[in-house]
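Numbering (this note's numbering), first residue to last: 25 to 211.
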């Protein structure tokens, strides 16, 4: 019967110590590089209070909690809606002619790997019209919005994430304001 000999394991570790140290150091350097290269993402949050104008009790005095939940779910969807995002994009100045025209990119001078592809296999770059660019801007604003309830309250958080902290704060506040004005215009 063989017994556990700790010295044998230590001998193996000492035999390969430089390989183990090298791999650990390389992993540490890769982790440090990735941490330094990472772009910080800032989240800004606006808090809204959503109140119902009418009571959910019928003349019999029975309360229907499903109507209450459906009301708030509808409000969350409205905050994330196309109409609110479009209104916010207009207020942020993202739908001005400068943003919708875009910049025409020219091919860089010199060697490119794409020049090795035969003309018959190349695809033409897509044509992005101002209407498509407008829709992409609104969709991008819509996609950055996070809406969530605050437990046991009538409060809702409207958050926006961006690498620019000022842009995140401006977008969250503008979307919240656009939602309020969207409801005013609707009524």
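We put the CB at the ideal spot given by N, CA and C, even for glycine.
Which of helix, strand or coil DSSP assigns to residue i
i, result
"residue 151", "coil"
"residue 184", "strand"
"residue 170", "strand"
"residue 176", "coil"
"residue 39", "helix"
"residue 95", "helix"
"residue 143", "coil"
"residue 75", "coil"
Between the CA atoms of residue j and residue i - distance to the nearest angstrom
i, j, result
"residue 172", "residue 202", "17 Å"
"residue 106", "residue 57", "39 Å"
"residue 32", "residue 185", "54 Å"
"residue 113", "residue 42", "57 Å"
"residue 149", "residue 177", "50 Å"
"residue 194", "residue 119", "16 Å"
"residue 59", "residue 45", "21 Å"
"residue 65", "residue 165", "15 Å"
"residue 76", "residue 98", "12 Å"
"residue 133", "residue 142", "18 Å"
Per DSSP, cross-strand counterpart(s) of residue i
i, result
"residue 23", "Here the chain comprises residues numbered 25 to 211, so residue 23 is not present and cannot be evaluated."
"residue 69", "183"
Proximity winner among the options, relative to residue i (alpha-carbon distances)
i, options, result
"residue 209", "111, 76 and 197", "111"
"residue 200", "139, 140, 49 and 109", "109"
"residue 117", "49, 161 and 152", "161"
"residue 121", "47, 139 and 158", "158"
"residue 188", "179, 168, 96 and 207", "168"
"residue 68", "204, 206 and 192", "192"
"residue 175", "102, 136, 207 and 93", "93"
"residue 180", "104, 29, 39 and 49", "104"
Proximity test, residue i beta-carbon vs the ligand FMN heavy atom, cut-off 8 Å
i, result
"residue 32", "In the structure on display, the ligand FMN does not appear, and there are no ligands present to speak of."
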